[in-house]
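Numbering (my numbering), first residue to last: 50 to 618. As structure tokens, the structure follows; a few thoughts come after it.
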């Protein structure tokens, strides 16, 4: 047994209202700069739909994730080292801008400077790539207003498996929202695909990051990630991805997307797992067995043997305590209501989901029957407007049994707790029918419906005895730039050996990543000038100094700092 710790997230899809607050706040925090205008570390998809990028789940095209070869050994779908070597300068298995969307802004200057006229002036959309007029035809969630309709639903990759049972007629359409971030997998195929070893998994908390110094822009990681959550910055020539907001997590704060989530649907916590079982779990012969195989990789943090092995592995005691209080362990292994996203990719993802149940209530209520009765709810699960087979394609590699079990537990919780909330005697047969006790049902209800901030986010901070090392971490951290969040006063030199404050303000990933004006409020002319200038804009009296630009070849004027160190001693 080799015990390791992993930060993980669970999202309750029953609570997601598709407001995109998480996407916008993540965008403002991490990707509001040139080169990544099209990038959304966090995006909310409407299902059915094509997703972002379009049809990213079609691994016959993109060849992401892992597969078992003829000898039953785990190999990358996109090929091994030799195949990557011979195609390293030409990788055709990449999404194009058409698969993402061509980012745009608006010619606001036409509105602000237009003379008095009979007709209201129009701010035309301008491409952020070419600067020319463009017609907006797709974006990160174009499925939003069309979810479940034939307009985009027929392009949903998962509907190929269940299309015979689903008719995309207007009166039978269904939709739900699916927030997505990097899965920070236990067996990340993006890291295995990187020829330069720039993508790595941190030992202390399992967060997957990109070393910006080592990245050479081969983009094999984009192909290798089956969730397409690694992006290419076309200004810096580097790969970027969700960082799980590691500067916040290291001080015990939740990610930005979780902190700002309106529906309070996200849970963050620590899980302990046996690293020696990861390969065997990912090599499970049957795709439908991968869900249970991954659950068996997770360890019981209350087991004395696990605690002893964790301490022997150097995991601090307060981290073990956090794993014992983790909402992630409770939702995945205690209550068994959280499911992984596409386990058939064999990456062992660590962002799990509680499938939506709400449409069941609507279906029962429309018949004039009691929508909270467990008899009606259990019967309605089989006729769920969101088909169980479709959810199974998302979360259990096509096996409907675990999804059906989860939905029945959620339905049982609603029925059982309604009696308690109305002052009636609880019906103990309801929890027994789903293999739970009344106390477990109540605890699950409290976690899903009433949990406070510190119950939803159980994040152990870094240790005080590591403070002198964390100070050096700031020299490598992606936030170590002038004006960066939390940097405040004096900093250290790039070498970590002292020196004055860093100057230049070029930001963590190159030009304009630090103090640039948000694209959403910047007119395309100013953006064009800033992107094409070879030198910083001349400083004019009363105006803020512009950040340094990239050189003529699109290279940064100084080495880029890494996203994070590989391990904090």
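From the three backbone atoms N, C-alpha and C, an ideal C-beta is built for every residue, glycine too.
Point to revise | Beta-ladder partner(s) of residue 322, from DSSP | key: As a position in the chain shown, residue 322 is number 273, starting the count at 1. DSSP lists 53 and 347 as partners of residue 322.
Review point. Cβ-heavy atom distance between residue 155 and the ligand PLP below 7 Å?
Key: In the structure shown, the ligand PLP is absent, as is every other ligand, since no ligand is present at all.
Check your understanding: When DSSP labels each residue in this structure, what does residue 296 get in the three-state scheme?
Key -> Here residue 296 corresponds to residue number 247 of the chain shown, with the count starting at 1. Helix, per DSSP.
Review point. Helix, strand or coil: which one does DSSP assign to residue 90?
Key: Counting from one through the chain shown, the residue named residue 90 turns up at place 41. DSSP places residue 90 in the coil class of the three-state scheme, outside both helix and strand.
**Study point:** Reduced DSSP secondary structure (H/G/I, E/B, other) of residue 464
**Key:** Residue mapping note: residue 464 aligns to position 415 of the chain shown, counting from 1. Helix.
Practice item. Grab the span of the alpha helix (DSSP H) containing residue 238 for me, first residue to last. Key: Locating residue 238 in the chain shown gives position 189, counting from the first residue. Here the alpha helix (DSSP H) through residue 238 covers 238-242.
Point to revise | residue 230 beta carbon less than 8 Å from that of residue 22 | key: The question about residue 22 has no answer here: the residues shown for the chain are numbered 50 through 618.
Check your understanding: If you follow the beta strand (DSSP E) that residue 282 is part of, which residue opens it and which one closes it?
Key -> One-based indexing of the chain shown puts residue 282 at position 233. Under the DSSP assignment, residue 282 falls in the beta strand (DSSP E) whose first and last residues are 279-282.
Exercise for review: Could you check what DSSP says for residue 566 in three-state terms: helix, strand or coil?
Suggested key: Counted from its first residue, the chain shown places residue 566 at position 517. Note that residue 566 scores 35 on pLDDT, short of 50, meaning its location in the model is unreliable; the coordinates nonetheless yield the value given after this. In the structure shown, residue 566 sits in coil (DSSP, three-state: anything other than H, G, I, E or B).
Exercise for review: Determine contact between the segment 396-403 and the segment 224-239, defined as no fewer than three beta-carbon pairs at a distance below 8 Å.
Suggested key: Enough Cβ pairs lie closer than 8 Å, so yes.
Exercise for review: Determine the extent of the alpha helix (DSSP H) in which residue 400 is found, giving its start and end residues.
Suggested key: Residue mapping note: residue 400 aligns to position 351 of the chain shown, counting from 1. If you look at residue 400, you'll find it isn't in any alpha helix (DSSP H); it sits in the beta strand (DSSP E) that goes 400-403.
Point to revise | Limits of the alpha helix (DSSP H) - the one that residue 85 falls within | key: Translated into the one-based positions of the chain shown, residue 85 becomes position 36. For residue 85, no alpha helix (DSSP H) segment is defined, and its DSSP state is neither H nor E.
Check your understanding: Who are the near neighbours of residue 183 in its chain, counting only those whose CB is closer than 8 Å to its CB and skipping five residues on each side?
Key -> Position 134 of the chain shown, counting from 1, holds the residue named residue 183. Taking residue 183 as the centre and dropping the five residues before and after it, the same chain places the C-beta of 151, 153, 174, 175 and 176 closer than 8 Å to its C-beta, in chain order.
Review point. Are residue 247 and residue 257 close, meaning C-beta to C-beta below 8 Å?
Key: Reading the chain shown from its first residue, position 198 is the one you call residue 247. Reading the chain shown from its first residue, position 208 is the one you call residue 257. In this structure, residue 257 does not lie closer than 8 Å to residue 247 by Cβ.
Check your understanding: In whole angstroms, what separates the C-alpha of residue 277 from that of residue 315?
Key -> Along the chain shown, read from residue 1 onward, the residue named residue 277 stands at position 228. Along the chain shown, read from residue 1 onward, the residue named residue 315 stands at position 266. Per the coordinates, the alpha-carbon of residue 277 lies some 21 Å from the alpha-carbon of residue 315.
Point to revise | Nonlocal neighbours in the same chain, by C-beta distance under 6 Å from residue 227, ignoring five residues either side | key: Taking the chain shown and counting its residues from 1, one reaches residue 227 at position 178. If we look at residue 227 and ignore the five residues flanking it on each side, its Cβ neighbours are 94 and 96.
**Study point:** Residues sharing a beta bridge with residue 258, DSSP
**Key:** Locating residue 258 in the chain shown gives position 209, counting from the first residue. Residue pairing by DSSP places residue 258 opposite 249 in a beta bridge.
Practice item. Would you mind sorting residue 448 into buried or exposed? The rule is 16 or more other CB atoms within 10 Å of its CB. Key: Along the chain shown, one-based indexing puts residue 448 at 399. Buried, because 16 or more other Cβ atoms sit within 10 Å of the Cβ of residue 448.
**Study point:** Where residue 174 sits in the DSSP three-state scheme
**Key:** One-based indexing of the chain shown puts residue 174 at position 125. When secondary structure is reduced to three states using DSSP, residue 174 falls in the strand class.
Practice item. Taking 8 Å as the threshold, find out whether the segment 471-486 comes into contact with the segment 340-348 through three or more Cβ pairs. Key: The answer is no - the segment 340-348 does not touch the segment 471-486, with fewer than three Cβ pairs under 8 Å.
**Study point:** Residues bridged to residue 225 [DSSP beta-bridge criterion]
**Key:** Translated into positions along the chain shown, residue 225 becomes position 176. Answer by DSSP bridge pairing, in chain order: 96.
Review point. According to the neighbour-count rule (16 or more other Cβ atoms, all chains shown, within 10 Å of its Cβ), is residue 158 buried or exposed?
Key: Working through the chain shown from its first residue, we reach residue 158 at position 109. A residue is called buried when at least 16 other Cβ atoms come within 10 angstroms of its Cβ; residue 158 does not meet this threshold and is exposed.
Point to revise | Exposure label - residue 442; buried when at least 16 CB within 10 Å | key: The count along the chain shown starts at 1 and reaches residue 442 at position 393. By the neighbour-count definition (other C-beta atoms within 10 Å, threshold 16), residue 442 is a buried residue.
Exercise for review: Could you round the C-beta distance between residue 242 and residue 269 to whole angstroms and report it? I think they count as a contact, below 8 Å.
Suggested key: Indexing the chain shown from 1 puts residue 242 at position 193. Indexing the chain shown from 1 puts residue 269 at position 220. Here residue 242 really is in contact with residue 269; their C-beta atoms are around 4 Å apart, less than 8 Å.
Check your understanding: Does the Cβ of residue 281 have 16 or more other Cβ atoms within 10 Å, making it buried, or fewer, making it exposed?
Key -> As a first step, residue 281 must be located in the chain shown, where it is residue number 232. Per the 10 Å Cβ criterion, buried.
Review point. Can you tell me where the alpha helix (DSSP H) with residue 158 in it begins and where it stops?
Key: Here residue 158 is taken as the residue at index 109 of the chain shown, counted from 1. Its alpha helix (DSSP H) spans residues 157-162.
**Study point:** CB contact flag (residue 334, residue 117, <8 Å)
**Key:** The residue given as residue 334 occupies position 285 in the chain shown. The residue given as residue 117 occupies position 68 in the chain shown. The answer is yes: Cβ separation under 8 Å.
**Study point:** Status (buried if at least 16 other CB within 10 Å, exposed otherwise) for residue 66
**Key:** Your numbering for residue 66 matches position 17 in the chain shown. With fewer than 16 other Cβ atoms within 10 Å, it is exposed.
Review point. For the beta strand (DSSP E) that residue 288 lies in, which residues bound it at each end?
Key: Mapped onto the chain shown, residue 288 falls at position 239. If you look at residue 288, you'll find it in the beta strand (DSSP E) that goes 287-290.
Review point. CB-CB under 6 Å to residue 50, same chain, minus the five flanking residues each way: which ones, in chain order?
Key: Residue mapping note: residue 50 aligns to position 1 of the chain shown, counting from 1. If you ignore the 5 residues before and after residue 50, its C-beta comes within less than 6 Å of the C-beta of 323 and 358, all in its own chain and listed in chain order.
Point to revise | Segment limits, alpha helix (DSSP H) that includes residue 692 | key: This structure cannot settle anything about residue 692, because the visible part of the chain is limited to 50 through 618.
Review point. Candidates 394, 451 and 506: which alpha carbon is nearest residue 124's?
Key: On the chain shown, position 75 is the one that residue 124 refers to. Out of 394, 451 and 506, 394 has the C-alpha closest to the C-alpha of residue 124.
Check your understanding: Taking C-beta to C-beta, are residue 244 and residue 133 nearer than 8 Å?
Key -> Here residue 244 corresponds to residue number 195 of the chain shown, with the count starting at 1. Here residue 133 corresponds to residue number 84 of the chain shown, with the count starting at 1. Pairing residue 244 with residue 133 gives a Cβ-Cβ distance under 8 Å.
Exercise for review: Would you mind reading off the limits of the alpha helix (DSSP H) that contains residue 133?
Suggested key: Numbered from its first residue, the chain shown carries residue 133 at position 84. For residue 133, the enclosing alpha helix (DSSP H) begins and ends at 130-135.
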